[in-house]
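Visitor:
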Amino acid sequence: MAYLCTMKISAGQLAALVSGTLEGDPEILLERPSKIEEAVPGSVCFLANPKYEHYLYDSKASLVIVQDDFVPRSTDHPALLRVPNVYQTVSQLLGMFEEGPGNEPEIHASAVIHRGAKLGKGLSIGACTVVEEGAEIGENCRIGPQVYLGKNVKLGHSVTIHPGVRIYRDCVIGDRVILHANCVIGSDGFGFAPLEDGSFKKIAQIGNVVIESDVEIGANTCIDRGTMGSTLIGQGSKLDNLIQIAHNVQVGSHTAIAAQVGIAGSARIGSRCMIGGQVGIAGHLTIADRSVIQAQSGIASTIEEEGKKWYGSPAMDYFTFLRVYNEFKKLPQIAKKLREMEADWQEYSKNHKEDESNHHQK
Amino acid sequence: MAYLCTMKISAGQLAALVSGTLEGDPEILLERPSKIEEAVPGSVCFLANPKYEHYLYDSKASLVIVQDDFVPRSTDHPALLRVPNVYQTVSQLLGMFEEGPGNEPEIHASAVIHRGAKLGKGLSIGACTVVEEGAEIGENCRIGPQVYLGKNVKLGHSVTIHPGVRIYRDCVIGDRVILHANCVIGSDGFGFAPLEDGSFKKIAQIGNVVIESDVEIGANTCIDRGTMGSTLIGQGSKLDNLIQIAHNVQVGSHTAIAAQVGIAGSARIGSRCMIGGQVGIAGHLTIADRSVIQAQSGIASTIEEEGKKWYGSPAMDYFTFLRVYNEFKKLPQIAKKLREMEADWQEYSKNHKEDESNHHQK
Amino acid sequence: MAYLCTMKISAGQLAALVSGTLEGDPEILLERPSKIEEAVPGSVCFLANPKYEHYLYDSKASLVIVQDDFVPRSTDHPALLRVPNVYQTVSQLLGMFEEGPGNEPEIHASAVIHRGAKLGKGLSIGACTVVEEGAEIGENCRIGPQVYLGKNVKLGHSVTIHPGVRIYRDCVIGDRVILHANCVIGSDGFGFAPLEDGSFKKIAQIGNVVIESDVEIGANTCIDRGTMGSTLIGQGSKLDNLIQIAHNVQVGSHTAIAAQVGIAGSARIGSRCMIGGQVGIAGHLTIADRSVIQAQSGIASTIEEEGKKWYGSPAMDYFTFLRVYNEFKKLPQIAKKLREMEADWQEYSKNHKEDESNHHQK
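In order, the protein sequences belong to chains A, B and C. Adding 1172 to a residue's 1-based position in the first sequence gives its number in our numbering. Adding 1172 to a residue's 1-based position in the second sequence gives its number in our numbering. Adding 1172 to a residue's 1-based position in the third sequence gives its number in our numbering.
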């Protein structure tokens, strides 16, 4: 059993909802979306990549969604639903089968909510969640169990907070933001003044974190508060799991950041960037809009040109890196060739000098 | 005080339990396992690596476990226990001294358990733990405080869950699995459809995570649910701390993954692989069984051959990498040599042409 | 609104407190520290880096702190406060504006505290926090909500623990330590004995973690307990977020470790080291005092010389790495030059041999 879902829909209803063309019985009942290689009767699947076409001809799926110009190699296949954009339709379909919270808005009796907090309408707040003084929660937020909202934290409306999220005091979260389990928003920035005796003095971190609307933050990701002013995650940006965002970083809008990326203090990341997993970005630099950074790369200096692709640690232009890496792999042969040429040359020079001296002696 | 332990055992009892040969007084009382360099009277230590043999001769340990063919350089040493496999014996010994939970099975009064959850016998459930509707917990599970088990989560028997673990709805956990503090199982996969205006639309993640029996998952590790179908961790695999496993990844059985590794979506990792710390593995590729991947490597393409060792980012054959890196370190000398040869060559060509033209003019 | 703060101070009072020289009205009221580019009336800012001097001349700040020998290019600027060390004064200033916990010492009614735990005076313990048997908490500790302190955990005095921290049994925390949200102290080390059938047997982890005084540990950082003996974080060391410290690691005093670093089992890190983000350090090696390791580097062998700087994966001397990387970027040109020289050489050798044979035939 992969997941439970009580939703059912007929092939005809689905075709109407997604404006597709059905080749098959409109009464077929669809119970679950499945991957085509794992389909069982009742499954609705999709086929977009021709590489997987062979799965079609012995699939047990009840319906397969395909591109509208798809030409099957054989007639022995499940019912088809032709659509103009398979991925978009699948995204729609998954949304239909997603189960909502399934609970009435409810504030659990074990939640500990300060009487000085302001709560909007239609909220649900889970068991053992703690809301401190001065916090303000907008309408229709769904706050899971075991969450911590510090003093004066402000949430917009329709925010979803999964269990175990911690938001330190004074942080501000926009509308429709989704925060996954155990992420930490507003922890102290890593700021210490070195003293003469070699020890460190903590610098108070009195800023906050501002997360704009429609942002999603992954599980166990950390976003530190500004030392002064705010650490900012711009509108619609998506952060995966286990990411480190240091104090006073600014991330633009609609930027996607994959898991385990680390961004050091006061870096400014543009909008619509794509940052691959495990990338590291140094502090106090700027990344231009629409930059694409390959996984595991290290960005050590400002990127001014927009829309370019980067790779390596320290990173360089993506295509340059591919050429460099291609020679890098051959370094032992390059070094060998060089040694051979050097030996040839020395041999030659020696002989030639003898030759020349013979020649001159004639 | 390093740790507290009330267990005591005599050297004679220990020798009998591990089938070893004792050279010393069987009445010696052993109170704690220690590292040989930190031993105090009452300590039982081990010596396997000859590099540390010098510690033996002034150790205050009451007993030292050694390989059965060990020949001491001096007779001035603590009692010895000779065994055929030191590491195996130490593992046994540590198990003897490990303290159990020490509590009677108990469901704490502050735990919030939905009346629609099914609980096996002999359970303990800690304070402030939340169990949602439809969850099923097998016999003899030990669930710590402040844990979250979402709707329809299924646990086998004898599962150990440390404080602060979050398991999202519909995930399935096998028998004897150990989950360390604050790990997150079943968070949403990082799936977004880019829209024409450059913003992202969330793709519903309706799959789950399946963790097979005898798996151990480290602290703060994240395993995302499948978009459709399951993210799978195979039987007996061991995952360290702070690891990212993306949606629809499949990990085989008895694979060991060190801390801070990231595996991108839909990658398939074989069985009995060893993956070093901070390795990154790209999405949609396959890693053959028994692959060994060196720490910090990046795997960007499928590995088909079984049992090979890999290194570098992007990774190459381990021994090739060592040769490549050996030349890489010498790149400044290689470049210098090349420049010198070029200069010599130009000098020579110039002279030689003059020489030749002189020659022809004769 | 970046943050809330009810503190106000006059420019004259501030000048007296930090022993600075005021150029302006001592009655000016200061309400918040701000970055100079974000200042509003009531802001006190600082200017240390000449690069940002242009912000001074149209800043709305009420007061700007500058170095005592600063010479403005224009007279049109806010009031100035001259001090001998700007950064030190700012650190002092931020401390003044930092808000304290604001609560009376209080043990929340929903905290679950074993009657066998010992509590010092002046404690605050937050809602839903769990304290197990045998735990000892020193005076004036501030323990947030939803924290877990396992059996026999010992805290010194004035320790600050943020929400969601988990400390496993037997760990020892020194005075004035700060632990950020969701960090995990004392989880099991990653220790397994491979069995003949290819499966793993868990090795009991019976050690603990010892954190000395004045240490700060970041959000979601994990420190595993020793297998035997202790994992140790030395006095005054500072660890950022999402760091992995494996079993039996020893970190010296006053060492700073940036986010996402991973240190493998039994490594010994010196004192006053600086370790950049995402660095990986292999197990069972030693890092000398005052080593500086550049971000994303990989340390694969012992560093014996103190106070050196390292870079690369595997790392080399910092300046060597810069030279190597400089040639690495040019590898395609190096390879091309080598191919050209080889072609020239072959061409030459061929001609020359013909030439010589012609010559001899004369």
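Don't be surprised by glycine CBs; every beta carbon is placed ideally from N, CA and C. Bear in mind the structure is a predicted one, so any value in this text is a computation, not a measurement.
Under the three-state reduction of DSSP, which class applies to V1190 of chain A: helix, strand or coil?
Guide: Reduced to three states, the DSSP call for V1190 of chain A is helix.
Visitor: Inspect the CB distances between the stretch 1384-1392 of chain C and the stretch 1362-1371 of chain C and report whether three or more fall short of 8 Å.
Guide: With a cut-off of 8 Å, the stretch 1362-1371 of chain C and the stretch 1384-1392 of chain C do not count as touching, because too few Cβ pairs lie within range.
Visitor: Using a beta-carbon distance cut-off of less than 7 Å, what residues from the stretch 1268-1289 of chain B approach chain A?
Guide: Listed in sequence order: V1284.
Visitor: Which residues bound the alpha helix (DSSP H) around Y1483 of chain A?
Guide: Not the alpha helix (DSSP H): Y1483 of chain A falls in the beta strand (DSSP E), residues 1481-1484.
Visitor: Using 10 angstroms around the beta-carbon of M1400 of chain A, count the other beta-carbons present and answer buried if the total reaches 16, otherwise exposed.
Guide: Classification of M1400 of chain A: buried, given that the 10 Å Cβ count is 16 or more.
Visitor: Sort C:A1289, C:A1220, C:Y1490 by Cα distance to N1257 of chain C and report the nearest one.
Guide: Ranking the options by Cα distance to N1257 of chain C, first place goes to C:A1220.
Visitor: Could you pull the DSSP bridge partners for I1447 of chain A from this structure?
Guide: Looking at the DSSP assignment, I1447 of chain A forms a beta bridge with A:I1429, A:I1465.
Visitor: Using a Cβ cut-off of 7 Å, which residues of the stretch 1344-1360 of chain A contact any Cβ in chain C, in chain order?
Guide: The residues in question are N1354, V1356, S1359, D1360.
Visitor: Chain A beta carbons: is any one of them nearer than 8 Å to that of I1297 of chain B?
Guide: False, the Cβ-Cβ gap to chain A never drops below 8 Å.
Visitor: Cutting at 8 Å between CB atoms, please list the residues of its own chain near L1202 of chain C, excluding the five before and the five after it.
Guide: Taken in chain order, the residues that qualify are K1180, I1181, S1182, A1183, L1186, G1214, S1215, V1216, S1234, L1235.
Visitor: With DSSP run on the structure shown, which of helix, strand or coil describes P1366 of chain C?
Guide: Three-state DSSP puts P1366 of chain C in a strand.
Visitor: For V1496 of chain B, name the three-state secondary structure that DSSP assigns.
Guide: Looking at V1496 of chain B - three-state DSSP - the assignment turns out to be helix.
Visitor: Any beta-carbon of chain C closer than 8 Å to the one on Q1422 of chain A?
Guide: Not an interface residue.
Visitor: Is the CB-CB distance between I1345 of chain B and K1374 of chain B below 8 Å?
Guide: Taking 8 Å as the Cβ cut-off, I1345 of chain B and K1374 of chain B do not qualify as a contacting pair.
Visitor: For P1205 of chain B, name the three-state secondary structure that DSSP assigns.
Guide: Of the three classes helix, strand and coil, the one that applies to P1205 of chain B here is strand, per DSSP.
Visitor: So, does the stretch 1399-1417 of chain A touch the stretch 1422-1430 of chain B, judging by three or more C-beta pairs under 8 Å?
Guide: In short, these stretches do not touch, since the Cβ pair count stays below three.
Visitor: Can you confirm whether D1412 of chain B, when its beta carbon is compared against all beta carbons of chain C, has any partner nearer than 8 Å?
Guide: Cβ-Cβ to chain C under 8 Å: yes for D1412 of chain B.
Visitor: What whole-angstrom Cβ distance do N1354 of chain B and N1354 of chain C have, given they're in contact under 8 Å?
Guide: Contact holds; Cβ gap of about 5 Å.
Visitor: Taking 8 Å as the cut-off, decide whether the C-beta atoms of H1329 of chain C and H1352 of chain C are in contact.
Guide: It is not a contact, given that the beta carbons lie outside the stated cut-off.
Visitor: So which residues of chain C does G1470 of chain A contact, with C-beta pairs closer than 7 Å?
Guide: In chain order: A1467, Q1468.
Visitor: Straight-line CA distance for I1315 of chain A to T1332 of chain A?
Guide: The straight-line gap from Cα to Cα measures roughly 6 Å.
Visitor: Along chain A, in chain order, which residues have C-beta atoms closer than 7 Å to that of K1501 of chain C?
Guide: Correct list: M1488, V1496.
Visitor: Have a look at C:A1467, C:D1516, C:A1430 and flag the residue whose alpha-carbon is nearest the alpha-carbon of P1486 of chain C.
Guide: It is C:A1467 whose Cα lies nearest to the Cα of P1486 of chain C.
Visitor: Determine the direct distance from the alpha carbon of A1283 of chain B to that of V1382 of chain B, and round the result to whole angstroms.
Guide: One C-alpha to the other measures close to 25 Å.
Visitor: Can you tell me whether S1438 of chain C is buried or exposed? The criterion is at least 16 other CB atoms within 10 Å of its CB, across all chains shown.
Guide: S1438 of chain C comes out buried.
Visitor: Do you know offhand how far G1306 of chain A's Cα is from D1342 of chain A's?
Guide: In a straight line, the C-alpha of G1306 of chain A is about 9 Å away from that of D1342 of chain A.
Visitor: Determine, for L1176 of chain C, whether the minimum Cβ-Cβ distance to residues of chain A falls below 8 Å.
Guide: The predicted model places L1176 of chain C with a pLDDT of 40, which falls under 50 and marks its position as unreliable; any figure quoted below should be read in that light. So yes, L1176 of chain C belongs to the interface.
Visitor: Taking Cβ positions, are I1475 of chain B and S1463 of chain B nearer each other than 8 Å?
Guide: A contact, by the Cβ cut-off of 8 Å.
Visitor: Within its chain, find whatever has a CB closer than 7 Å to the CB of G1484 of chain B; leave out the 5 residues flanking it on each side and keep chain order.
Guide: S1469, F1493, listed in sequence order.
Visitor: Is it buried or exposed, E1278 of chain C, if we count other Cβ atoms within 10 angstroms and call 16 or more buried?
Guide: With fewer than 16 Cβ atoms within 10 Å of its Cβ, E1278 of chain C is classed as exposed.
Visitor: Quick check on the DSSP output: the alpha helix (DSSP H) that includes Q1264 of chain B runs from which residue to which?
Guide: Note, Q1264 of chain B: alpha helix (DSSP H), 1258-1269.
Visitor: Check whether the Cβ of M1400 of chain C lies closer than 8 Å to any Cβ atom in chain A.
Guide: It does not; no Cβ of chain A falls within 8 Å.
Visitor: Could you give the DSSP three-state label for G1292 of chain C: helix, strand or coil?
Guide: Here G1292 of chain C sits in coil by DSSP.
Visitor: Do you know whose CA, among B:F1491, B:V1337, B:K1481, B:L1404, lies nearest G1322 of chain B's CA?
Guide: For the residues B:F1491, B:V1337, B:K1481, B:L1404, the minimum Cα distance to G1322 of chain B belongs to B:V1337.
Visitor: Tell me whether K1522 of chain B sits in a helix, a strand or coil according to DSSP, three-state version.
Guide: Note: K1522 of chain B maps to helix in three-state DSSP.
Visitor: Under 8 Å, do V1302 of chain A and A1289 of chain A count as touching if we go by C-beta distance?
Guide: No, the pair does not count as a contact, with Cβ atoms beyond the cut-off.
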